[in-house]
Amino acid sequence: SSMAGLRVCSVLVTGANRGIGLGLVRQFLGMPSPPAWVFAACRDPRGQRAQELQNLASKHPNLVIIPLEVTDPASIKAAAARVGEHLGGSGLNLLINNAGITKLDSLDTETLENMTRIYTTNTVGPLLLGQAFLPLLKKAAQGSPRSALSCSKAAIINMSSYGGSIASPSGWDLMQIVSYRCSKAALNMLTKCQSLGYREHGILCAALHPGWVQTDMGGSIGQTPAVTVDASVRGMLNVLSSLAEKDTGTFLDWQGKVVPW
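According to full-length UniProt numbering, the sequence shown is numbered sequentially starting from 1.
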């Protein structure tokens with residue numbers, strides 16, 4: 001498989017209990033040489049919504065479920081400490097910021113509360129996670145035999161959306177979702193900032209659009225989304241395996257095409 005180029009010892013996926021997050025966890029576990037550590041972070045690891053994750057964890061000793069509320073700085077710090085303990089002296093190769101929320105509001109119904117809540121989860125969360133996991137990402141980069149940037153060395157991948165593309169704002173007639181669009185446009189800028197700030201530490205940073213995927217979130221649009229979770233996740237892992245120095249700070253879709261800012 002073309003994912004063969006991706007060789008990570010450790011990966012952390014946020015929002016890992018369903019949808020794309022769960023799909024990513026499944027694919028990492030199913031790799032020919034899977035990571036020694038797959039950290040699956042979600043809000044309530046013991047809850048009903050994390051049942052499938054718990055089932056996977058009972059079969060895969062390399063899967064560790066980490067409680068994480070991405071809007072709570074204390075929870076983020078605790079998660080980083082917990083992951084660090086598991087890793088012992090090693091670093092974290094890959095941080096995938098996948099946790100995200102949306103609300104089907106229009107320009108007329110958008111509120112301060114919604115704008116703030118969605119921005120906090122979708123944009124501030126990935127910023128704080130990058131800060132908290134930076135020491136572990138640096139450690140992975142320093143311990144890697146590779147000189148060039150790659151996802152097998154150390155990377156932050158932010159799950160974005162072409163709904164946040166300013167040049168080509170997809171799907172406006174279907175749904176305005178202003179708070180979501182703004183949060184993703186801002187997440188794209190955060191990705192660019194992280195790529196500039198973390199390059200010297202050997203960490204690649206990129207934003208990925210997974211496609212309109214058949215998940216709780218994608219399905220809430222009321223249209224049948226075009227892509228299955230499985231196809232999207234396989235595509236994204238192929239993209240991750242091919243990312244190189246030139247790709248840091250870029251915005252790509254699940255097929256590796258450049259998405260306009």
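Backbone N, C-alpha and C fix where the C-beta goes; we use that ideal spot for every residue, glycine too.
What do you get for residue i, buried or exposed, if any count of 16 or more other CB atoms within 10 angstroms of its CB means buried?
| i | result |
| --- | --- |
| M236 | buried |
| I65 | buried |
| residue 293 | Past the edges of the chain, shown from 1 to 261, lies residue 293, and the structure says nothing about it. |
| W254 | buried |
| N158 | buried |
| L243 | buried |
| D230 | exposed |
| P145 | exposed |
| S58 | exposed |
| A226 | exposed |
| P260 | exposed |
| S147 | exposed |
| R46 | exposed |
| G163 | buried |
For residue i, which residues in the same chain have their Cβ closer than 8 Å to its Cβ, ignoring the five residues on either side in sequence?
| i | result |
| --- | --- |
| R7 | S33, S152 |
So, for residue i: in the same chain, excluding its five sequence neighbours on each side, which residues have a beta-carbon less than 6 Å away from its beta-carbon?
| i | result |
| --- | --- |
| E69 | R43, S75 |
| S1 | Residue placement at S1 cannot be trusted, given a pLDDT of 45 that sits under 50; the coordinates are not used to answer. |
| T71 | T120, T121 |
Excluding the 5 residues preceding and the 5 following residue i in the sequence, name in chain order all residues of the same chain whose CB lies nearer than 7 Å to its CB.
| i | result |
| --- | --- |
| E110 | V178, S179 |
| T123 | S183, A186, L187, L190 |
| H60 | L29 |
What's the C-alpha gap between residue i and residue j?
| i | j | result |
| --- | --- | --- |
| H209 | R82 | 29 Å |
| Q176 | V258 | 23 Å |
| residue 262 | L107 | Nothing about residue 262 can be reported from this structure: the residues present for the chain run from 1 to 261 only. |
| S165 | K184 | 8 Å |
| W172 | S161 | 13 Å |
| L174 | G89 | 49 Å |
| V233 | G21 | 9 Å |
| N55 | A167 | 42 Å |
| S195 | A207 | 10 Å |
| A193 | G249 | The amino acid occupying residue 193 in the given sequence is Cys; Ala does not appear at that position. Each residue's Cα considered, the two are about 8 Å apart. |
| D102 | R117 | Residue identity check: residue 102 is Thr in the sequence provided, not Asp. T102 and R117: Cα-Cα distance of roughly 10 Å. |
| A155 | E245 | 11 Å |
Opposite residue i in the DSSP bridges: which residues?
| i | result |
| --- | --- |
| I118 | Answer by DSSP bridge pairing: none, since I118 is not bridged. |
| N158 | N97, A207 |
| V213 | V227 |
| W37 | S10 |
| L63 | V38 |
| task | Take every Cβ of the region 115-133, pair it with every Cβ of the region 94-102, and state whether three or more of those distances are shorter than 8 Å. | result | yes
| Taking three-plus beta-carbon pairs below 8 Å as touching, is the region 136-146 in contact with the region 188-203? | yes
| task | Count the C-beta pairs between the region 111-123 and the region 20-35 that are closer than 8 Å, then say yes if the count reaches three, no if not. | result | no
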